[in-house]
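Enquirer:
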Amino acid sequence: MNRAGLRPPSGFTTKMLFRRCTACGQVTLVKDGWFVCVFCDADLSSSWNVGARREVGD
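So for the sequence shown, the numbering used here puts the first residue at -4; every next one is plus one.
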């Protein structure tokens, strides 16, 4: 509880997962556990890989 006597929520109602595509470099929202890039159809990493923008190889 904080000074106002309110409890913070334990989390958001919907958890959002994002992954950066290693093939095209776009950031993609993972929907329903489907780890596929919506831009180029490549497989996405199952572990967190979204950070500062970086160069992606050909």
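A virtual CB, placed ideally from N, CA and C, is assigned to each residue, including glycine.
1) Helix, strand or coil, according to DSSP, for LYS26 in the structure here?
2) Is it true that the CB of CYS19 sits closer than 8 Å to the CB of ALA(-1)?
3) Identify which residue in ARG2, PHE30 and PRO3 has its Cα closest to the Cα of THR17.
4) Given a threshold of 16 other Cβ atoms within 10 Å of its Cβ, counted over all protein chains shown, does CYS35 qualify as buried or as exposed?
5) Which residues mark the beginning and the end of the beta strand (DSSP E) in which PHE13 is found?
Expert: Reading it off the structure:
1) To locate residue 26, count along the sequence shown from 1; it is residue 31. Note: LYS26 maps to strand in three-state DSSP.
2) Along the sequence shown, one-based indexing puts residue -1 at 4. Along the sequence shown, one-based indexing puts residue 19 at 24. No, Cβ-Cβ distance for ALA(-1) and CYS19 is not below 8 Å.
3) Sequence index remark: in the sequence shown, residue 17 carries index 22 (1-based). For THR17, the closest of ARG2, PHE30 and PRO3 by C-alpha to C-alpha distance is PHE30.
4) Taking the first residue of the sequence shown as position 1, residue 35 is located at position 40. So CYS35 ends up on the exposed side.
5) Stepping through the sequence shown from its first residue, residue 13 is reached at position 18. From DSSP, the beta strand (DSSP E) with PHE13 extends over 12 to 15.
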